[in-house]
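Residue numbers (UniProt numbering), protein chains in the order written: chain A, 1 to 326; chain B, 1 to 326. The beta-carbon is built from N, C-alpha and C at its ideal position, and this holds for glycine as well.
Protein chains: 2
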Amino acid sequence: MAVYTDVPEPDLAAFLARYDVGRLLSYKGIAEGVENSNFLLRAEGGTFILTLYEKRVNRDDLPFFIGLMEHLAGKGLSCPLPVQPREGETLGELAGRPAALFTFLEGMWTRRPSAEHCRAVGAALAGMHLAVRDYAGERRNALSVDAWRGLFEGAGPRAGEVEEGLPAEIEGELRALESGWPQGLPSGVIHADLFPDNVFFLSGELSGLIDFYFACNDILAYDLAICLCAWCFEQDGAFNVTKARGLIDGYRSVRPLSEAELDALPMLARGAAMRFLLTRLYDWIHIPDTSFVTKKDPREYLRKSRFLRQVRDVREYGIEREGLPA
Amino acid sequence: MAVYTDVPEPDLAAFLARYDVGRLLSYKGIAEGVENSNFLLRAEGGTFILTLYEKRVNRDDLPFFIGLMEHLAGKGLSCPLPVQPREGETLGELAGRPAALFTFLEGMWTRRPSAEHCRAVGAALAGMHLAVRDYAGERRNALSVDAWRGLFEGAGPRAGEVEEGLPAEIEGELRALESGWPQGLPSGVIHADLFPDNVFFLSGELSGLIDFYFACNDILAYDLAICLCAWCFEQDGAFNVTKARGLIDGYRSVRPLSEAELDALPMLARGAAMRFLLTRLYDWIHIPDTSFVTKKDPREYLRKSRFLRQVRDVREYGIEREGLPA
Numbered sequence: 001m002a003v004y005t006d007v008p009e010p011d012l013a014a015f016l017a018r019y020d021v022g023r024l025l026s027y028k029g030i031a032e033g034v035e036n037s038n039f040l041l042r043a044e045g046g047t048f049i050l051t052l053y054e055k056r057v058n059r060d061d062l063p064f065f066i067g068l069m070e071h072l073a074g075k076g077l078s079c080p081l082p083v084q085p086r087e088g089e090t091l092g093e094l095a096g097r098p099a100a101l102f103t104f105l106e107g108m109w110t111r112r113p114s115a116e117h118c119r120a121v122g123a124a125l126a127g128m129h130l131a132v133r134d135y136a137g138e139r140r141n142a143l144s145v146d147a148w149r150g151l152f153e154g155a156g157p158r159a160g161e162v163e164e165g166l167p168a169e170i171e172g173e174l175r176a177l178e179s180g181w182p183q184g185l186p187s188g189v190i191h192a193d194l195f196p197d198n199v200f201f202l203s204g205e206l207s208g209l210i211d212f213y214f215a216c217n218d219i220l221a222y223d224l225a226i227c228l229c230a231w232c233f234e235q236d237g238a239f240n241v242t243k244a245r246g247l248i249d250g251y252r253s254v255r256p257l258s259e260a261e262l263d264a265l266p267m268l269a270r271g272a273a274m275r276f277l278l279t280r281l282y283d284w285i286h287i288p289d290t291s292f293v294t295k296k297d298p299r300e301y302l303r304k305s306r307f308l309r310q311v312r313d314v315r316e317y318g319i320e321r322e323g324l325p326a
Numbered sequence: 001m002a003v004y005t006d007v008p009e010p011d012l013a014a015f016l017a018r019y020d021v022g023r024l025l026s027y028k029g030i031a032e033g034v035e036n037s038n039f040l041l042r043a044e045g046g047t048f049i050l051t052l053y054e055k056r057v058n059r060d061d062l063p064f065f066i067g068l069m070e071h072l073a074g075k076g077l078s079c080p081l082p083v084q085p086r087e088g089e090t091l092g093e094l095a096g097r098p099a100a101l102f103t104f105l106e107g108m109w110t111r112r113p114s115a116e117h118c119r120a121v122g123a124a125l126a127g128m129h130l131a132v133r134d135y136a137g138e139r140r141n142a143l144s145v146d147a148w149r150g151l152f153e154g155a156g157p158r159a160g161e162v163e164e165g166l167p168a169e170i171e172g173e174l175r176a177l178e179s180g181w182p183q184g185l186p187s188g189v190i191h192a193d194l195f196p197d198n199v200f201f202l203s204g205e206l207s208g209l210i211d212f213y214f215a216c217n218d219i220l221a222y223d224l225a226i227c228l229c230a231w232c233f234e235q236d237g238a239f240n241v242t243k244a245r246g247l248i249d250g251y252r253s254v255r256p257l258s259e260a261e262l263d264a265l266p267m268l269a270r271g272a273a274m275r276f277l278l279t280r281l282y283d284w285i286h287i288p289d290t291s292f293v294t295k296k297d298p299r300e301y302l303r304k305s306r307f308l309r310q311v312r313d314v315r316e317y318g319i320e321r322e323g324l325p326a
C-alpha cells in the first residue's frame with residue numbers, strides 16, 4: 001500500500017497525449033499494490049488506473065505481465081486491460097519509471113471472505129488456468145521450492161529472534177518440501193498471489209482479478225494451494241473447512257483436479273505456507289523499522305505452516321475425493 | 001498522505017444506505033489529507049470522497065467545518081460539498097469514527113506553481129474571505145500567535161538538535177512577534193492551510209479549494225501571509241517576487257487591502273513562517289521515526305523565517321502600495 005513516486009501534472013499530461021482518453025480531469029495516488037505506485041485517474045474518456053513500476057519489479061518482466069493481462073482480457077476474464085496508445089508501445093515512461101495505463105475495474109476486495117467468496121475465487125482461478133493455456137509468455141517462478149533455501153539463508157541467524165527454535169523448524173520443513181515436492185503435475189501460468197485484496201466483488205459476485213505481478217509458470221495446483229493459505233484461515237488462526245471446501249469445489253467445478261493433483265495438494269499447501277513465511281521473515285529482518293513499508297508478521301504463516309503439516313489427505317480440507325461437487 | 005482506517009464493504013454499504021447515491025461500485029483509499037482517512041468512492045449516483053475523521057481532529061469542530069463547506073458551496077465557491085443523507089445528520093459514523101460523504105472535485109493540485117497559479121490562488125482566497133462574511137460559525141485559531149510559545153516549549157530543549165542556536169533564535173523572533181503582532185485588522189474565517197496540495201486546477205484554471213480542517217477565525221491578511229510562505233518560495237529557498245506579486249495582486253483584485261493590512265503583511269508573514277516552523281519542529285521531535293507519518297523538515301521554514309525577517313515593507317514583495325493592480 002503505497003505511492004512511491006509522485007507525478008507532476010504537466011509530465012502526466014504529456015504521457016497521456018499518446019492515448020485517446022481526452023483531457024485529464026484528476027488523478028489521486030491510491031493505497032493499492034505493494035510493489036508499484038498506482039493512481040486513480042479520471043479523464044474525459046473514462047476512469048483508469050495508472051501504474052508506475054518501481055525498482056522492485058524487473059523491467060524485463062513487464063512485457064510478460066502486460067501480455068498476460070491482454071491475453072486474459074481477450075479471453076473474457078475480467079482483469080485490468082492495458083490501454084493501447086494511438087501508436088508505440090503499451091509500456092511508456094513517466095517520472096523516470098516504466099508506466100502503463102489500465103482500464104478501471106469496478107468492485108471491492110472483501111475484508112471478510114465467506115465460503116461463497118472462496119467458491120467464486122476457486123472458480124475464477126480455474127478459469128484463469130484454462131484461459132492461459134495458449135499464452136505464449138513464460139516466466140520462471142523466482143519464489144518456488146528451489147528458491148526457499150536461499151531466502152532462508154538470506155534471513156540469516158536472526159530468524160531465531162522471531163521465535164526460539166524457528167531456524168531448526170524451518171530447516172526440517174524445507175528438507176521435507178525439497179525431497180517430497182511433487183513432480184510432473186499439470187503446469188502453466190499461475191497468479192501466485194491471489195490474496196483477498198487482489199479479487200474484486202460487486203454485489204456478491206466476483207467482478208475481477210488484479211495484480212498479476214507475481215504471475216509465473218509453475219504447478220497449477222500450487223496456485224490453489226496459495227489460495228488455501230490466503231483465504232481459508234480465520235483471523236484467530238483456525239482453519240475453516242467450509243471455506244476450503246468452497247474454494248476447492250469452486251475450482252473443480254471449472255477445472256477438475258486429477259488424483260495426482262489431489263494427492264499433492266497437502267504438500268503444495270505446506271509449500272505455499274513456507275513461501276509466504278520465508279518472504280515475510282526476510283522482510284521482517286531486512287526492512288528497517290524506519291521504512292514506510294508495512295511489515296507483515298511472519299508468525300501468521302508459521303501458524304498456518306504448522307497446521308498444514310498435520311494434513312495427510314485432502315479430505316481433511318473438508319472435500320470429497322471422488323466425483324464432482326454438487 | 002495516509003489511510004489510517006480501513007473500512008469493510010458491508011459497513012460501508014450500510015453507511016451509504018442513508019444516501020441517495022445508488023449501489024456502491026468501488027472505493028479506494030487515497031493519499032490525500034494528513035489528518036483524516038479519505039476514500040475515493042464510486043457509486044451508481046456518481047463519484048464521491050468519503051472522509052473518516054481520525055482522532056487528531058476534534059469532533060466538536062466538525063459541525064463548524066461541514067457548515068463552512070456548505071456555506072461556501074452555497075455562495076458558489078468551488079469546494080467539496082457535504083452530501084445530505086435522506087434523513088438525519090450530515091455527519092455519520094463509520095468504523096467507529098465520525099464520517100461524511102462529499103462531492104468529488106475535478107482538478108489536480110500543482111506541484112510546480114507559477115505566478116499565474118499564485119494570482120488565481122490570491123483571487124480565490126479573497127473570494128473565500130468575502131463569502132464567509134455571513135457565516136455564523138466560529139472557531140478559535142488554536143495555532144495563532146498566542147499558541148506559539150507553548151508549541152516552542154513543547155518542542156523542548158531538543159530544538160537545538162535541528163540546528164545549533166535555534167532555541168535562542170526562535171525565542172528572539174517569538175518576542176518580536178508577540179510584541180509587534182498587529183491588532184484591529186479585518187478578521188473573519190480563514191482557510192489557514194491553503195498550500196498547493198489544497199488548491200485544484202483544471203486546464204490552467206483554478207477549479208476548487210479543499211481541506212478546510214484548519215479553518216478558524218483570525219486576521220484575514222494572515223491567510224494571505226500563509227499563502228505567501230506556501231506558494232512564493234522556490235525549492236532552493238529563494239523568494240520569488242513575481243509569484244508574490246501575482247498572489248497579492250490576485251487577492252487585491254477581489255478584496256482590496258487597506259493601508260493597515262499592507263503595513264502589517266511583513267509581520268504577519270513572519271508569523272506564518274514561525275507557525276509552520278514550530279509545528280514542524282514539534283512533529284520532528286515528537287513523532288517517532290518508526291511512524292508512518294512523513295515528517296517535514298522544519299529547516300525549510302527556518303530559512304523562510306530568516307528571509308521574511310529582513311522585509312520591512314510590502315513593496316519588497318514586488319507589489320505597488322498604491323492603487324489597484326493592472
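Taking the CB atoms as reference points, tell me whether A:Pro-80 and A:Leu-40 lie closer together than 8 Å. No, they are not a contact pair.
Kindly indicate if chain B contains any beta-carbon less than 8 Å away from that of residue 403 of chain A. The structure shown does not extend to residue 403 of chain A, since chain A spans only 1 to 326, so no value can be given for it.
Select from A:Ser-179, A:Ser-78, A:Arg-56 the residue whose C-alpha is nearest the C-alpha of A:Ser-37. It is A:Arg-56 whose Cα lies nearest to the Cα of A:Ser-37.
For A:Ser-78, count neighbouring Cβ atoms within 10 angstroms of its own Cβ and tell me buried if that reaches 16, exposed if not. Counting of Cβ neighbours within 10 angstroms places A:Ser-78 among the buried residues, the total reaching 16 or more.
Is the beta carbon of B:Leu-278 closer than 8 Å to that of B:Trp-148? Their beta carbons are under 8 Å apart, which means B:Trp-148 touches B:Leu-278 by this criterion.
Per DSSP, what kind of secondary structure is B:Leu-209 in: helix, strand or coil? Note: B:Leu-209 maps to strand in three-state DSSP.
Of all the CB atoms in chain B, is at least one closer than 8 Å to the CB of A:Leu-185? Closer than 8 Å: no.
Just to confirm the assignment, what range does the beta strand (DSSP E) spanning residue 331 of chain A have? The requested residue 331 of chain A does not occur in the structure, where chain A is confined to residues 1 to 326.
Going along the chain, which residues of the segment 22–45 of chain B sit with their C-beta nearer than 8 Å to a C-beta in chain A? For the segment 22–45 of chain B, residues whose beta-carbon sits nearer than 8 Å to a beta-carbon of chain A comprise Arg-23, Leu-24, Leu-25, Ser-26, Tyr-27, Lys-28, Gly-29, Ile-30, Ala-31, Glu-32, Leu-40, Arg-42.
Taking 8 Å as the threshold (C-beta atoms), are A:Gly-29 and A:Gly-107 in contact? Contact annotation: A:Gly-107 and A:Gly-29 have beta-carbon atoms that are not nearer than 8 Å.
Name the chain B residues whose beta carbon is nearer than 9 Å to that of A:Gly-107? Near A:Gly-107 (Cβ distances below 9 Å), the residues of chain B are Leu-25, Ser-26.
In whole angstroms, give me the CA-to-CA distance for B:His-71 and A:Glu-70. A direct Cα-to-Cα measurement between B:His-71 and A:Glu-70 gives close to 48 Å.
List, in order along the chain, the chain B residues whose C-beta lies closer than 9 Å to that of A:Leu-202? Using a Cβ-Cβ cut-off of 9 Å, A:Leu-202 is close to Arg-23, Leu-24, Leu-25, Ser-26 of chain B, given in chain order.
Quick one: list the residues of chain A neighbouring B:Glu-9, beta-carbon separation under 9 Å, in chain order. Listed along chain A are Met-108, Trp-109, Thr-110, Arg-111, Arg-112, Phe-201, each with a C-beta nearer than 9 Å to that of B:Glu-9.
Measure the beta-carbon distance from B:Thr-110 to B:Phe-201 and round it to whole angstroms, keeping in mind my assumption that it falls under 8 Å. So it is a contact: roughly 6 Å between Cβ atoms.
For a contact defined as C-beta to C-beta under 8 Å, what are the partners of A:Asp-6 on chain B? Within 8 Å Cβ-Cβ: Arg-111.
Helix, strand or coil for B:Ala-326? Go by DSSP, reduced to three states. Note that B:Ala-326 has pLDDT 44, beneath the 50 cutoff, so the model's placement of it is unreliable and no number is given.
B:Gly-204 versus B:Leu-247, B:Ala-120, B:Lys-296, B:Val-189, residue with shortest Cα-Cα distance: Nearest Cα to B:Gly-204 within the set B:Leu-247, B:Ala-120, B:Lys-296, B:Val-189: B:Ala-120.
Going by Cα to Cα distance, which pick from A:Gly-156, A:Ala-100, A:Leu-262 is closest to A:Arg-18? The option with the nearest alpha carbon to A:Arg-18 is A:Ala-100.
Collapsed DSSP secondary structure at A:Leu-101 in the structure displayed: A:Leu-101: strand per DSSP, three-state reduction.
Suppose you measure from the CA of B:Asp-263 to the CA of B:Ala-244; what does that come to, to the nearest Å? Roughly 16 Å separates the two Cα atoms.
In whole angstroms, what separates the C-alpha of A:Val-199 from that of A:Ile-210? C-alpha separation (whole angstroms): 6 Å.
With respect to the beta strand (DSSP E) encompassing A:Pro-27, which residues constitute its N-terminal and C-terminal limits? Reading the sequence as shown, one finds Tyr at residue 27 of chain A and not Pro. 24–30 is the extent of the beta strand (DSSP E) around A:Tyr-27.
Since B:Ala-156 contacts B:Ile-248 with CB under 8 Å, what's their CB separation in whole angstroms? The amino acid occupying residue 156 of chain B in the given sequence is Gly; Ala does not appear at that position. Not confirmed; about 37 Å, so no contact.
Enclosing beta strand (DSSP E) for A:Cys-216 [first to last residue]: Per DSSP, A:Cys-216 is one residue of the beta strand (DSSP E) stretching across 216–219.
Would you call the CB atoms of B:Pro-298 and B:Arg-280 closer than 8 Å? Contact: yes.
Inter-stretch contact at 8 Å, needing at least 3 Cβ pairs: the segment 130–139 of chain B / the segment 265–276 of chain B: Flag = no, the segment 130–139 of chain B and the segment 265–276 of chain B do not touch.
Can you tell me the Cα-Cα spacing of A:Met-1 and A:Ala-31, whole angstroms? With a pLDDT of 39 at A:Met-1, under the threshold of 50, the predicted position of this residue should be treated as unreliable, though the coordinate-derived value follows. Going from the Cα of A:Met-1 to the Cα of A:Ala-31 covers about 5 Å.
Would the segment 42–52 of chain A count as touching the segment 85–100 of chain A if we require 3 or more Cβ pairs under 8 Å? Taking 8 Å as the limit for Cβ pairs, the verdict is that the segment 85–100 of chain A does touch the segment 42–52 of chain A.
With H, G and I counted as helix, E and B as strand and the rest as coil, what does DSSP make of A:Ser-114? Three-state DSSP puts A:Ser-114 in coil, outside helix and strand.
Just to confirm my understanding: we take A:Glu-54, look at its own chain, exclude 5 residues before and 5 after, and list those with CB closer than 8 Å. What are they? Once the five neighbours on either side are set aside, the close Cβ partners of A:Glu-54 are Tyr-4, Thr-5, Glu-35, Asn-36, Ser-37, Arg-97.
Let me see if you follow: with CB-CB separation under 8 Å, is A:Met-267 close to chain D or not? Structure shown: chain D not included; protein chains present are A and B.
Which residue marks the beginning of the alpha helix (DSSP H) containing A:Arg-299, and which one marks its end? 299–309 is the extent of the alpha helix (DSSP H) around A:Arg-299.
With distance defined between alpha-carbon atoms, name the residue in B:Pro-288, B:Gly-67, B:Pro-113 nearest to B:Val-189. Nearest to B:Val-189 by C-alpha distance, out of B:Pro-288, B:Gly-67, B:Pro-113, is B:Gly-67.
For B:Val-189: DSSP bridge partner residues: Answer is B:Asn-217.
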